[in-house]
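Quick notes on the structure that follows.
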């Protein structure tokens, strides 16, 4: 009679038990993948333990009733063969391929039902295993089918993982490979050495690799603290959404956080969020999350009042935080700014709630702010996501439209230039305001793609439409700060102009002083502008007077034209003081040798005032709204026969410059 060696199963049981203890010693964040891994651990632990009993039952069947012999073997086969199905579900939860969820569950269900059916009917059919008349353990004709179903499950899981392998690091790929080849290798080994049942031990080793590669809970922790991070927060909100349970989020911002950062320096600024996270986590345990350095949250899954949580949380900030910076110990006394957001029936995604929390104001510090309607906070986030999707499709399909707003030259009465403006339509063909989609594009890193498209489209339009013959001297278009971060931007623009045979002086680039432009650095901006300016490209300083101090730009950069923001003009039409400011601003700009464009001209009264103030160009609805390229050409044809000729206008302009 064949005698099996149980030491491999003993080793498998001990190894899995150790892994089981390690699993519960760490702080585990609840995910579907995490729960399936725990079931896999339990499965292998039970299979290893039961298999030890099965060895003795099979080796000495005469010592036990026949039903006990069968029961021990059938329980082992059922539990052991479940491992392949669990592995398939585990890989499915790790890869997150949406359209594979249903097929995976169907495959897993069919395999599990088939295995259980043929295993538990085998005492009557002898299809999987049986004991012959001499009580020798035998394999039935369908025993091999259990290996086939396991192969199908593992093979399917492996295909899914290989498809998404770029989403995982090399060690994770290695771990999955170890699991697949470990199982297949152990089965092949047992086929030739039936006494050495090493499959459970191979599973234990494979589970160890999966544990170290995929079940690293540091992925869900903020830094070296026990506090959960933004990824964990998003998953928790997603879970609450699926459970359809009411819950509450207590959002916590640090009052005037930027000022704290400047006061503490870089090292202190890195330590402060961790000290806060540690203290909140110590008080609230698994309820605490650090969304960002200055944003924390408590997720109350039970029916708790926000006021009670806020009171407990405020106590966490009673004592100052101790920070070690080099050889000094600094103390930081800070105050939390708290907002209670109850969620009952709103269908909220985790990333949406995280966006809301990060966007909260950190300067409101009087008491607890309570949000009555969470949807009012979520709607802008959801709208941003919707617009971002439309932007991505437009970038992919190059489906933006470029409109042109004619600019009136005061001296000639002609329209010798225009501003190119990008337009975007939603899926229903309705326009999305640039005031909405441009900030979203800038925030999410899409503005460079849009700017590059507009530049190429303008060059194509100038070339194919023969705008020069229509008297157009140049086209203005915006230059985004994000574009200026591209390497060799000037060379790229010059190459596009050469491709379409456009003289550089036919292009005018508008720059706007923003916080991002300031962060870019004057030297980098000057380098780009000088390269293009030396080739003939002109520049405008856009939105002058709209809130940023642009005098340094006027002095330091090769700016040819200054565009005064419409808000300055409109305010000047309301009171004399603002009108005086507008007048003297224009005088100053003219005295330093710059041309002036005033935006937002809508009435003849505005135009008359600007003419008296010495304005060079006027732009606004008085002359034309932004129109398509085709409409712009028709507009130019109508205006061509009025006023002076193009040659006469250019002579006058040259005379004025002299």
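In this note's numbering, the protein residues as written are 977 to 1634. From the three backbone atoms N, C-alpha and C, an ideal C-beta is built for every residue, glycine too. Please read all numbers here as calculations on a predicted model, not as lab measurements.
If we count the other Cβ atoms within 10 Å of its Cβ and call it buried at 16 or more, is residue 1563 buried or exposed?
Your numbering for residue 1563 matches position 587 in the chain shown. With fewer than 16 other Cβ atoms within 10 Å, it is exposed.
In the segment 1224-1302, which residue ranges form an unbroken beta strand (DSSP E) of at least 3 residues, counting only runs that do not cross its ends?
Taken in chain order, the whole beta strand (DSSP E) runs of length 3 or more contained in the segment 1224-1302 are 1264-1268, 1271-1276 and 1297-1301.
Please say whether residue 1183 and residue 1007 have beta carbons closer to each other than 8 Å?
Here residue 1007 refers to the residue found at position 31 when the chain shown is read from its first residue. Here residue 1183 refers to the residue found at position 207 when the chain shown is read from its first residue. For the pair residue 1007 and residue 1183, the CB atoms are not nearer than the 8 Å cut-off.
Could you have a look at residue 1212 and say whether DSSP puts it in helix, strand or coil?
Taking the first residue of the chain shown as 1, we reach residue 1212 at position 236. The answer is helix: DSSP assigns residue 1212 an H, G or I state.
Taking DSSP's pairing of strands, which residues face residue 1572 in a bridge?
Here residue 1572 refers to the residue found at position 596 when the chain shown is read from its first residue. Residue pairing from DSSP places residue 1572 in a beta bridge opposite 1538.
Do you know how far the Cα of residue 1111 is from the Cα of residue 978?
One-based indexing of the chain shown puts residue 978 at position 2. One-based indexing of the chain shown puts residue 1111 at position 135. In this prediction, residue 978 scores a pLDDT of 48, lower than 50, which makes its location untrustworthy; no coordinate-derived value is stated.
Give me the Cα-Cα distance between residue 1525 and residue 1531, rounded to the nearest whole angstrom.
The residue labelled residue 1525 in the question sits at position 549 within the chain shown. The residue labelled residue 1531 in the question sits at position 555 within the chain shown. Low per-residue confidence applies at residue 1525: pLDDT is 47, beneath 50, and the placement is therefore not dependable, though the value from the model is reported in the following sentence. For residue 1525 and residue 1531, the distance between alpha carbons rounds to 12 Å.
When DSSP labels each residue in this structure, what does residue 1387 get in the three-state scheme?
Here residue 1387 corresponds to residue number 411 of the chain shown, with the count starting at 1. In the three-state reduction of the DSSP assignment, residue 1387 falls in the coil class, being assigned neither a helical nor a strand state.
Option nearest residue 1318 by Cα separation, candidates 1309, 1310 and 1344:
Along the chain shown, one-based indexing puts residue 1318 at 342. Cα-wise, what sits closest to residue 1318 is 1344.
Tell me, which residues are paired with residue 1393 by DSSP?
Residue numbering aside, residue 1393 sits at position 417 when the chain shown is read from its first letter. Note: residue 1393 sits in a beta bridge opposite 1383 and 1450.
Evaluate contact between the segment 1299-1311 and the segment 1185-1200, counting only Cβ atoms and requiring at least three cross-stretch pairs below 8 Å.
Contact between the segment 1299-1311 and the segment 1185-1200 is absent: fewer than three C-beta pairs spanning the two stretches fall below 8 Å.
Residue of 1578, 1069 and 1505 minimising C-alpha distance to residue 1011:
Reading the chain shown from its first residue, position 35 is the one you call residue 1011. In this structure, 1069 is the residue among 1578, 1069 and 1505 with its C-alpha nearest to the C-alpha of residue 1011.
For residue 1330, which residues from the same chain have a beta carbon less than 7 Å from its beta carbon, with the 5 sequence-adjacent residues on both sides left out?
On the chain shown, position 354 is the one that residue 1330 refers to. For residue 1330, where only same-chain residues beyond five positions count, the Cβ hits under 7 Å are 1206, 1209, 1210 and 1267.
What are the boundary residues of the alpha helix (DSSP H) that includes residue 1484?
For the purposes of this step, residue 1484 is taken as the residue at position 508 of the chain shown. Not the alpha helix (DSSP H): residue 1484 falls in the beta strand (DSSP E), residues 1483-1487.
Compute the Euclidean distance between the alpha carbons of residue 1508 and residue 1476, then round it to the nearest angstrom.
In the chain shown, counting from the first residue as 1, residue 1508 sits at position 532. In the chain shown, counting from the first residue as 1, residue 1476 sits at position 500. So the alpha carbons of these two residues sit roughly 16 Å apart.
When DSSP builds the beta bridges, which residues end up paired with residue 1378?
Against the chain shown, residue 1378 aligns to sequence position 402. The secondary-structure analysis by DSSP pairs residue 1378 across a beta bridge with 1398.
Within the continuous beta strand (DSSP E) that includes residue 1639, where are the two ends?
Summary: the structure shown does not reach residue 1639, with the chain confined to residues 977 through 1634, and so no result is reported for it.
Nonlocal neighbours in the same chain, by C-beta distance under 8 Å from residue 1017, ignoring five residues either side
Translated into the one-based positions of the chain shown, residue 1017 becomes position 41. So the list reads 992, 995, 996, 999 and 1183, once near-sequence residues are dropped.
Should the segment 1591-1598 be called in touch with the segment 1421-1429, which here means at least 3 C-beta pairs below 8 Å?
At 8 Å Cβ cutoff, the stretches do not touch.
Whole-angstrom Cβ separation of residue 1540 and residue 1520, contact assumed at under 8 Å?
Position 564 of the chain shown, counted from the start, is the residue given in the question as residue 1540. Position 544 of the chain shown, counted from the start, is the residue given in the question as residue 1520. That belief holds up - the Cβ atoms of residue 1540 and residue 1520 are roughly 5 Å apart, short of 8 Å.
Ignore the nearest five residues each way along the sequence and tell me which others in residue 1119's own chain have a CB closer than 7 Å to its CB.
Position 143 of the chain shown, counting from 1, holds the residue named residue 1119. Contacts found: 1104 and 1105.
Quick one: what's got a C-beta closer than 8 Å to residue 1015's C-beta in the same chain, skipping five residues either side?
To locate residue 1015, count along the chain shown from 1; it is residue 39. Here the set comprises 1062.
For residue 1470, which of helix, strand or coil comes out of DSSP?
Your numbering for residue 1470 matches position 494 in the chain shown. Residue state, collapsed to three classes: helix.
Confirm, please, whether the CB-CB distance from residue 1186 to residue 1244 is below 8 Å.
Along the chain shown, read from residue 1 onward, the residue named residue 1244 stands at position 268. Along the chain shown, read from residue 1 onward, the residue named residue 1186 stands at position 210. No; because the gap between Cβ atoms is not below 8 Å, this pair is not in contact.
Considering only their Cβ atoms, is the gap separating residue 1416 from residue 1324 smaller than 8 Å?
Residue mapping note: residue 1324 aligns to position 348 of the chain shown, counting from 1. Residue mapping note: residue 1416 aligns to position 440 of the chain shown, counting from 1. No.
Which of the three DSSP states, helix, strand or coil, is assigned to residue 1628?
Counting from one through the chain shown, the residue named residue 1628 turns up at place 652. Because the pLDDT at residue 1628 is just 44, under 50, the model does not fix this residue reliably, and the point stays unresolved.
Selected residue, minimal CA-CA separation from residue 1179, among 1296, 1060 and 1065:
As a position in the chain shown, residue 1179 is number 203, starting the count at 1. Checked all of 1296, 1060 and 1065; the closest Cα to residue 1179 is 1060.
I need the straight-line Cα distance from residue 1001 to residue 1229, nearest angstrom please.
Residue numbering aside, residue 1001 sits at position 25 when the chain shown is read from its first letter. Residue numbering aside, residue 1229 sits at position 253 when the chain shown is read from its first letter. Whole-angstrom Cα-Cα distance: 32 Å.
Cβ-based neighbour list, residue 1402, same chain, cut-off 7 Å, excluding 5 preceding and 5 following:
Position 426 of the chain shown holds residue 1402. In chain order, 1366 and 1408 place their CB closer than 7 Å to the CB of residue 1402, counting only its own chain and leaving out the 5 sequence neighbours on each side.
Considering only the alpha carbon of each residue, which of 1314, 1116, 1410 and 1485 lies closest to residue 973?
Lying before the first or after the last residue shown, residue 973 is absent from the chain, which here runs from 977 to 1634.
Between which two residues does the beta strand (DSSP E) holding residue 1115 run?
On the chain shown, position 139 is the one that residue 1115 refers to. It spans 1113-1115 - the beta strand (DSSP E) in which residue 1115 sits, taken as one unbroken run.
Where do the ends of the beta strand (DSSP E) carrying residue 1517 lie?
Looking up residue 1517 in the chain shown gives position 541. First-last of the beta strand (DSSP E) with residue 1517: 1514-1520.
Just mark residue 1542 as buried or exposed, buried being the case when its beta carbon has 16 or more other beta carbons within 10 Å.
Translated into positions along the chain shown, residue 1542 becomes position 566. Residue 1542 is classed as buried because its beta carbon has at least 16 other beta carbons within 10 Å across all chains shown.
Under 8 Å by Cβ, that's how I've got residue 1172 and residue 984 pegged, so tell me the actual separation to the nearest angstrom.
Reading the chain shown from its first residue, position 196 is the one you call residue 1172. Reading the chain shown from its first residue, position 8 is the one you call residue 984. Indeed they touch by this definition, with Cβ atoms about 6 Å apart.
Less than 8 Å between the C-beta atoms of residue 1381 and residue 1600, yes or no?
For the purposes of this step, residue 1381 is identified with residue 405 of the chain shown, where counting begins at 1. For the purposes of this step, residue 1600 is identified with residue 624 of the chain shown, where counting begins at 1. Yes. Within cutoff.
Using CA atoms only, rank isn't needed, just tell me which of 1462, 1090 and 1217 is closest to residue 1124.
Against the chain shown, residue 1124 aligns to sequence position 148. It is 1090.
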